[in-house]
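Engineer: Here the protein sequences line up with chains A and B, keeping their order. For the first sequence, our numbering begins at -9 and goes up steadily by one. For the second sequence, our numbering begins at -9 and goes up steadily by one. All residues carry an ideal CB built from backbone N, CA and C; glycine is no exception.
There are 2 protein chains.
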Amino acid sequence: MSPRTSPACHAGTQDPLLRKAVPVFAALGDETRLSLVALLCAGGALSIAQLTAGTDITRQAVTKHLHVLAEAGLVRDVRQGRERLWEFEPSRLEEARRSLDAIAQQWDQALLRLKARLEQ
Amino acid sequence: MSPRTSPACHAGTQDPLLRKAVPVFAALGDETRLSLVALLCAGGALSIAQLTAGTDITRQAVTKHLHVLAEAGLVRDVRQGRERLWEFEPSRLEEARRSLDAIAQQWDQALLRLKARLEQ
DNA sequence: CGAAAATGCAACCAAACGGTTGCATGACTC
DNA sequence: GAGTCATGCAACCGTTTGGTTGCATTTTCG
Chain A
-9 MSPRTSPACH AGTQDPLLRK AVPVFAALGD ETRLSLVALL CAGGALSIAQ LTAGTDITRQ
51 AVTKHLHVLA EAGLVRDVRQ GRERLWEFEP SRLEEARRSL DAIAQQWDQA LLRLKARLEQ
Chain B
-9 MSPRTSPACH AGTQDPLLRK AVPVFAALGD ETRLSLVALL CAGGALSIAQ LTAGTDITRQ
51 AVTKHLHVLA EAGLVRDVRQ GRERLWEFEP SRLEEARRSL DAIAQQWDQA LLRLKARLEQ
C-alpha cells in the first residue's frame, strides 16, 4: 500500500440511494434511450410505432430499449386496444437527480474543508 | 402508423447538451465506477492501489474503470513520482446534472400545459 | 546496486448489449 | 370473415464490456 493515510473500505459499502441510481444511469447512458426519454417527457404517451418513426432502427430495437427503460423505472406502459402506449415516469429520474446533487454537494463540502484547513 | 397526431422526427436531432451527457451517464451506470466517483469526490486524490484496496476486483479492473471515467471527463489523473493519483473533475457531472434538470423541467411544463388545457 | 512497490501493457475470455430477421398473435375495420 | 395494423416472441449475430492472468517498466529505499 502507501505510506499516506489509509483510505479504508468502500467495496459494496456504498450509499443505498446511490446504488439504486446505477440502473437509471445505465439506462440513460445510451443515446437512443436518452432521446426516447426526452421525447416521452416532452409529449404524452406514445406508441411503439410512433416512437419508431423518425428513427433509423427497427421497431424491435425500440421495443428492447423501452423494456430497458421500464426495468429502470423510467417509463411505464399502458395497454390501450391494440396499441401499447408508453409514458414517462418521473420518480426514478428525480431520485437520480438527487443522487447527483448529493455527489456534487459532497464535493463542495470537501472543497470547503480544504479551504478552511488552508486558512487555519 | 396511427390515426392520432404525428409525432414527427427525433432521430439524431436531439439537444446537443443532452447528447453530450450520454457518455457521462454511461460511465456512472456501473456500480463500481459510481462508487469510485463517490470516493474520489469525498476525499482528495487517491492512487490506484488505494482505490483497489477494499474492492474485490483486480487492480487492472480498477484501472480500466478509471480510464472509462477519465474518457467521460469525470476524473483526472496526476502523475506524482511512481504513483498516479486520480481526482474528481466536477464540470462534466455538473453538466449531466443540468441535463437531468432540463428533462425534469420539460416534464413539469408538459404537466402545466395539460392542466391548463383541462381547466380551459 | 538490488529488491520491492506502483503501475503499464497486452492477450485472452465469458457474458451482456444493440441490433437484426422471421414469424406468430391480437385487435380493429370493412 | 378477411385483411391489415400494432405488437409479441425467439433465434441469431457481431461488438463491447467487465474481468482476468502474465509479464515488462519505472521509481523508491535500504
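With 16 other CB atoms within 10 Å as the buried threshold, where does I47/B fall?
Structural biologist: I47/B sits exposed, since fewer than 16 C-beta atoms from the chains shown fall within 10 Å of its C-beta.
Engineer: Tell me the rounded alpha-carbon separation between I38/B and L24/B.
Structural biologist: Rounded to whole angstroms, I38/B to L24/B spans 16 Å at the Cα level.
Engineer: Can you confirm whether I38/A, when its beta carbon is compared against all beta carbons of chain B, has any partner nearer than 8 Å?
Structural biologist: no
Engineer: Could you spell out the range, first to last residue, of the alpha helix (DSSP H) harbouring R82/B?
Structural biologist: For R82/B, the enclosing alpha helix (DSSP H) covers residues P80 to E109.
Engineer: Spatial neighbours of C31/A within its chain, please: CB distance less than 7 Å, with the 5 preceding and 5 following residues excluded, ordered by chain position.
Structural biologist: F78
Engineer: With distances taken from CA atoms, which of R9/B, V14/B, D20/B and F15/B is nearest R9/A?
Structural biologist: D20/B
Engineer: Taking its Cβ as the centre, do 16 or more other Cβ atoms sit within 10 Å of H55/B, making it buried, or is it exposed?
Structural biologist: buried
Engineer: Using a 10 Å radius around the Cβ and a threshold of 16 neighbouring Cβ atoms, would you call R49/A buried or exposed?
Structural biologist: exposed
Engineer: Rounded to a whole number of angstroms, what is the C-alpha to C-alpha distance between Q40/A and D91/A?
Structural biologist: 34 Å
Engineer: State buried or exposed for S(-8)/B, treating a residue as buried only when at least 16 other CB atoms are found within 10 Å of its CB.
Structural biologist: Confidence is the limiting factor: at S(-8)/B the pLDDT is only 35, short of 50, which leaves the residue's position unreliable and the question unanswerable from this model.
Engineer: In angstroms, rounded to a whole number, what distance separates the CA positions of L18/B and Q99/B?
Structural biologist: 27 Å
Engineer: Alpha carbon to alpha carbon, how far is H57/A from S81/A?
Structural biologist: 17 Å
Engineer: Secondary structure at Q40/B, three-state DSSP: helix, strand or coil?
Structural biologist: Per DSSP, reduced to three states, the secondary structure at Q40/B is helical.
Engineer: Take A11/B and list the residues in its own chain whose beta-carbon comes closer than 6 Å to its own, dropping the five residues that flank it on each side.
Structural biologist: The residues are A86 and S89.
Engineer: Quick one: residues in its chain with C-beta nearer than 6 Å to the C-beta of W75/A, no 5 flanking neighbours on either side, listed in chain order?
Structural biologist: The sequence given here places Leu at residue 75/A; Trp does not occur at that position. Only A35, S37 and V68 meet the Cβ criterion.
Engineer: What residues match up with V65/B in a beta bridge as DSSP calls it?
Structural biologist: F78/B
Engineer: Who are the near neighbours of E61/A in its chain, counting only those whose CB is closer than 8 Å to its CB and skipping five residues on each side?
Structural biologist: P13 and A17
Engineer: With 8 Å set as the bound, which would you pick, yes or no: does the beta-carbon of L24/B sit closer than that to a beta-carbon of chain A?
Structural biologist: yes
Engineer: Starting from the C-beta of C(-1)/A, find all residues in its chain whose C-beta is less than 6 Å away, skip the five residues before and the five after it, and write them out in chain order.
Structural biologist: Residue placement at C(-1)/A is poorly supported in this model, since its pLDDT is 44, which falls under 50; the coordinates are not used for a value here.
Engineer: Which residues in chain B sit within 8 Å of D91/A, going by Cβ to Cβ distance?
Structural biologist: R87
Engineer: Verify the CB distance criterion: does Q50/B have a CB-CB separation below 8 Å to chain A?
Structural biologist: It does not; no Cβ of chain A falls within 8 Å.
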